[in-house]
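Participant:
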Ligand code: 48F
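In the numbering used here, the protein residues as written are 6 to 261.
So, in structure tokens, the structure goes:
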């Protein structure tokens, strides 16, 4: 019995890992934008893997605002909550509140149920760069990263990569730092996030969701960080809509 438990876990984990070494879409970061993108892409029949540094995916959605575990979403994004079977309550005008624990766990549930494979405790430390295109990810265990252990990584090949790493836009920064390239932004570089401006930030989150280099898309706060736009605090419509938009963009590009 003792051996069966260990064997079963090892067998099914390695099956999942091996099946995910070559995917259609590799997503970095399991916050709301990454999870929504994972859900829609998996539902479209794409092979999707998502890498999350922390033990629990969900990013900045669990904690609501200052740990008051409620979040706000505007009407424009309600169709996504309906699609993902998330409960919400009307507040005023176009605004709705949601229990953040319910919302976050629902996003994780629906993404995995649709077929996306989530690898938690896994940090993305670099990209695969082939023929001037982002062609995959370089991954390692988060404890290796935290302990600064000198352990080489594994490689995952992907037709498209999404940087959904939030405020730090880590994948775009790494790509830029290590390679002599220009990104599709006003300056050609990662411009860095600006201070809080809710309406502007919600609008630009969606606008800035795009392919910023062949093979590399940005979604969620990473899209604003890359393009020098604003932060917005605990309102999440833009994050959900950005996840939906990046899934549509990748679907179009993979089908040509
Ligand atoms: O920050 P995060 O929730 O990203 P998001 O989808 O949503 C932003 C909102 O939560 C909030 C906001 C809107 O109101 O401003 O901040 O843009 O989630 C990003 C996830 O990426 C993980 C990180 O642990 C977090 O869970 N992450 C970041 N860098 C890496 C990573 C990396 N190099 N490898 C793996 N995971």
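For every residue, glycine included, the Cβ atom is placed at its ideal position computed from N, Cα and C.
1) From which residue to which residue does the alpha helix (DSSP H) around residue 19 run?
2) For residue 170, is the beta carbon positioned less than 7 Å from some heavy atom of the ligand 48F?
3) Alpha carbon to alpha carbon, how far is residue 264 from residue 41?
4) Do three or more CB pairs link the stretch 184–201 to the stretch 240–247 at distances below 8 Å?
5) What's the gap between the Cα of residue 232 and the Cα of residue 249?
6) Count the C-beta pairs between the stretch 131–139 and the stretch 154–169 that are closer than 8 Å, then say yes if the count reaches three, no if not.
7) Check whether the Cβ atoms of residue 176 and residue 10 sit closer than 8 Å, and answer yes or no.
8) Which residues does DSSP pair with residue 160 in a beta bridge?
9) Starting from residue 231, trace the alpha helix (DSSP H) both ways and give me its first and last residue.
10) Along the beta strand (DSSP E) that carries residue 221, what are the first and last residues, could you check?
11) Which full runs of the alpha helix (DSSP H) of 4+ residues lie inside the stretch 22–69, going along the chain?
12) Touching or not, the stretch 206–215 and the stretch 153–163, by the rule of three or more beta carbon pairs under 8 Å?
13) Mind checking whether residue 257 and residue 222 have CB atoms under 8 Å apart?
Facilitator: A quick look at the data gives this:
1) It spans 7–24 - the alpha helix (DSSP H) in which residue 19 sits, taken as one unbroken run.
2) Yes, since a heavy atom of the ligand 48F falls inside the 7 Å radius drawn around the Cβ of residue 170.
3) Residue 264 falls outside the range modelled here, since the chain spans only 6 to 261, and no answer is possible.
4) Contact fails: fewer than three Cβ-Cβ distances are below 8 Å.
5) Going by the C-alpha atoms only, they are around 19 Å apart.
6) Contact holds: three or more Cβ-Cβ distances are below 8 Å.
7) Result no, Cβ atoms of residue 176 and residue 10 do not sit closer than 8 Å.
8) Within the DSSP secondary-structure output, residue 160 pairs in a beta bridge with 143.
9) For residue 231, the enclosing alpha helix (DSSP H) begins and ends at 226–232.
10) 221–223 is the span of the beta strand (DSSP E), which, as asked, contains residue 221.
11) Entirely contained in the stretch 22–69, the alpha helix (DSSP H) runs reaching 4 residues are, in chain order, 37–48.
12) Not touching, per the Cβ criterion.
13) Between residue 257 and residue 222, the C-beta spacing is not below 8 Å.
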